[in-house]
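K.L.:
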Amino acid sequence: MRVRDKCDVYSFGVVALEVMMGRHPGDLLESQLSESSKSMEDNAELLLKDVLDQRLEAPSNELAKAVVLVMSLALGCIRTRPGSRPTMLYVAQKLSAHSLPSLPEPFGMLTLNKLMGI
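Residue 773 is where the sequence shown starts when you use the working numbering, and the numbers rise one by one after that.
1. Kindly confirm or deny that the region 777 to 797 and the region 867 to 876 touch, where touching means at least three C-beta pairs closer than 8 Å.
2. Within 8 Å, do at least three Cβ pairs link the region 857 to 864 to the region 819 to 827?
3. Pairing CB atoms from the region 880 to 889 with CB atoms from the region 853 to 860, are three or more of them under 8 Å?
4. Would you list the residues sitting across from residue 819 in a DSSP beta bridge?
5. Looking at the C-beta of residue 848, does it have a partner C-beta in chain D at a distance below 8 Å?
6. Whole angstroms is fine: what's the gap from residue 789's alpha carbon to residue 880's?
7. Would you kindly check if the distance between the Cβ of residue 872 and the Cβ of residue 845 is under 8 Å?
8. Going by C-alpha to C-alpha distance, which of 830, 780 and 825 sits closest to residue 878?
9. Going straight from the alpha carbon of residue 876 to that of residue 843, what length do you get?
10. Give the C-beta separation of residue 823 and residue 884 to the nearest angstrom, bearing in mind that I take them to be a contact with Cβ-Cβ under 8 Å.
Written out as structure tokens, the structure reads:
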């Protein structure tokens, strides 16, 4: 693998997931790299609320929107194909924005698959 800016954005995604999950996202990352589409499908149907650090209270309102933003960016950063990952400039702009996107559905119903499409 050649080192370039897409490596930095991947690393950011891993660290962001680790912070949000409260542990290293190893299983999630392995399924992304796996040849098996079954493991990717299983992870895609995981509920966001079940992936987040369970030691913390479930977020609501504006905090829930911020969590969705960070998780959707992080998942984009770990895409298998480097060319499909966002740039760090894009990630920084999204994180610095003064408004948060609205939730596409109730927080408790959001799947990782839905976040990958946000």
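A virtual CB, placed ideally from N, CA and C, is assigned to each residue, including glycine.
These figures come from a predicted structure and were not determined experimentally.
P.N.:
On the basis of the supplied data:
1. Taking a cut-off of 8 Å on C-beta distances, the region 777 to 797 does not touch the region 867 to 876, as fewer than three cross pairs fall below it.
2. Cβ pair count under 8 Å is below three, so no.
3. With the rule of 3 Cβ pairs closer than 8 Å, the region 880 to 889 does not count as touching the region 853 to 860.
4. Note: residue 819 sits in a beta bridge opposite 883.
5. The question asks about chain D, but that chain is absent: this structure has only one protein chain.
6. Near 18 Å, if we compare the C-alpha coordinates of residue 880 and residue 789.
7. In this structure, residue 872 does not lie closer than 8 Å to residue 845 by Cβ.
8. Nearest of 830, 780 and 825 to residue 878, Cα basis: 830.
9. Taking the straight line joining both Cα atoms gives about 14 Å.
10. By a beta-carbon distance limit of 8 Å, residue 823 contacts residue 884. Their separation comes to about 7 Å.
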